Amino acid sequence: MEAFYRDCLRFGCLANFKHFSLYLRGREELLVTIRHPPEAEGASHAASVNQKEKNKHRATFGVTSQQLPPASPATRESSSDNPTETVFLIGAYARYNWPYVWLRSNLGKFGGNSADKDLPLDLNTTQRWKEEGFRVWDIVEELVQMNVVPAPLDPFEVDFTAFDVMPDLERSLLAGALAFFLRDLLLRDIPYAEIVQRDLLRVLEVHFRGGGVPIESEEKEG
Numbered sequence: 001m002e003a004f005y006r007d008c009l010r011f012g013c014l015a016n017f018k019h020f021s022l023y024l025r026g027r028e029e030l031l032v033t034i035r036h037p038p039e040a041e042g043a044s045h046a047a048s049v050n051q052k053e054k055n056k057h058r059a060t061f062g063v064t065s066q067q068l069p070p071a072s073p074a075t076r077e078s079s080s081d082n083p084t085e086t087v088f089l090i091g092a093y094a095r096y097n098w099p100y101v102w103l104r105s106n107l108g109k110f111g112g113n114s115a116d117k118d119l120p121l122d123l124n125t126t127q128r129w130k131e132e133g134f135r136v137w138d139i140v141e142e143l144v145q146m147n148v149v150p151a152p153l154d155p156f157e158v159d160f161t162a163f164d165v166m167p168d169l170e171r172s173l174l175a176g177a178l179a180f181f182l183r184d185l186l187l188r189d190i191p192y193a194e195i196v197q198r199d200l201l202r203v204l205e206v207h208f209r210g211g212g213v214p215i216e217s218e219e220k221e222g
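Here the sequence shown is numbered in UniProt numbering, starting from 1 and rising by one per residue.
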């Protein structure tokens, strides 16, 4: 689990993603807030999504019957049921020796109840974590694909407008950390590599300029 802990520490300190935010809570816990359209709006978009793709993402979501001890007390989580976000807890507890994910908000949205807060979710990335070598960001990618409708082409898309309100030094440091993460994504076989590469170039510009956020592209004078 040591490698997973290191991944959580590195990934949990990142910010300015468009579809989710992260909150690292100690060595073993990472809160992930997925941002998505309200249910009604998402339903209208869903009609245009290929049904087979939609079912592929939805089929992996369900509260497992595996009876594990409860995660950290649910009373420590936010009780907000914001229709535009869903909160998950990724727990990599030493006593389990395996990463699990718990739903921490909007239980009714998935047909659950308050008792289900203590049951981990049945996810492909956690079930096959060891044999496939999945990383913590693979788990987050699966959560994004399940909750954002239509599923984004790039689950790790960067929200560049969020850099506007950051102090220069903080902006430069965060951009550098994001660039390092995006570079590692590009070293893998991902279907959205072109989008990641585009964001990487912009993030590097933010990092080295340290000032205002650059525009996406500029026409060179001929």
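We put the CB at the ideal spot given by N, CA and C, even for glycine. Predicted, not measured: the structure shown is a model, and the values here were computed from it.
Self-check item: Alpha-carbon to alpha-carbon, R198 and Y5
Solution: 29 Å
Quiz item: Counting only runs that start and end within the stretch 1-45, where is the beta strand (DSSP E) found for 3 or more residues in a row?
Solution: 20-25, 29-35
Practice problem: Tell me where the alpha helix (DSSP H) around E142 begins and ends. | Solution: Per DSSP, E142 belongs to the alpha helix (DSSP H) from 136-147.
Self-check item: Close-in-space but distant-in-sequence residues of the same chain around Y23 (CB under 7 Å, 5 per side omitted)
Solution: L31
Exercise. Can you check DSSP and say which residues form a bridge with E205?
Key: According to DSSP, which records beta bridges pairwise, E205 is partnered with nothing at all.
Practice problem: Mark F208 as exposed unless 16 or more other C-beta atoms lie within 10 angstroms of its C-beta, in which case mark it buried. | Solution: exposed
Quiz prompt | Rounded separation between I139 and P38 - CA only | solution = 22 Å
Quiz item: What is the DSSP secondary structure of T126, reduced to helix, strand or coil?
Solution: helix
Exercise. Please report the residue range of the beta strand (DSSP E) in which G133 lies.
Key: Here G133 belongs to no beta strand (DSSP E), and DSSP marks it neither H nor E.
Exercise. Taking only the alpha-carbon atoms, compute the straight-line gap between P191 and D168 and give it to the nearest angstrom.
Key: 33 Å
Exercise. Determine, using beta-carbon pairs with one atom in the stretch 166-183 and one in the stretch 124-134, whether at least three such pairs fall under 8 Å.
Key: Judged by Cβ distances under 8 Å, the stretch 166-183 makes no contact with the stretch 124-134, as fewer than three pairs qualify.
Quiz item: Who are the near neighbours of L173 in its chain, counting only those whose CB is closer than 7 Å to its CB and skipping five residues on each side?
Solution: none
Quiz prompt | Inter-residue spacing [alpha-carbon to alpha-carbon] between I34 and N97 | solution = 25 Å
Quiz item: With burial defined as no fewer than 16 other Cβ atoms inside 10 Å of the residue's Cβ, what is the status of N147: buried or exposed?
Solution: That one is buried.
Practice problem: For the alpha helix (DSSP H) holding residue 224, just list the boundary residues, first then last. | Solution: Because the chain here runs from 1 to 222, residue 224 falls outside it and cannot be looked at.
Exercise. Give the secondary structure of F156 by DSSP, where H, G and I count as helix, E and B as strand, and everything else as coil.
Key: coil
Quiz item: What's the C-alpha gap between N124 and L201?
Solution: 31 Å
Quiz item: What three-state label does DSSP hand K52 in the structure shown?
Solution: With a pLDDT of 41 at K52, under the threshold of 50, the modelled position of this residue cannot be trusted; read the value that follows with caution. DSSP places K52 in the helix class (H, G or I) of the three-state scheme.
Quiz item: Which one or two residues does DSSP pair with Y100 in a beta bridge?
Solution: DSSP output for Y100 lists G91 as bridge partner(s).
Quiz item: By DSSP, does L121 sit in helix, in strand, or in coil?
Solution: strand
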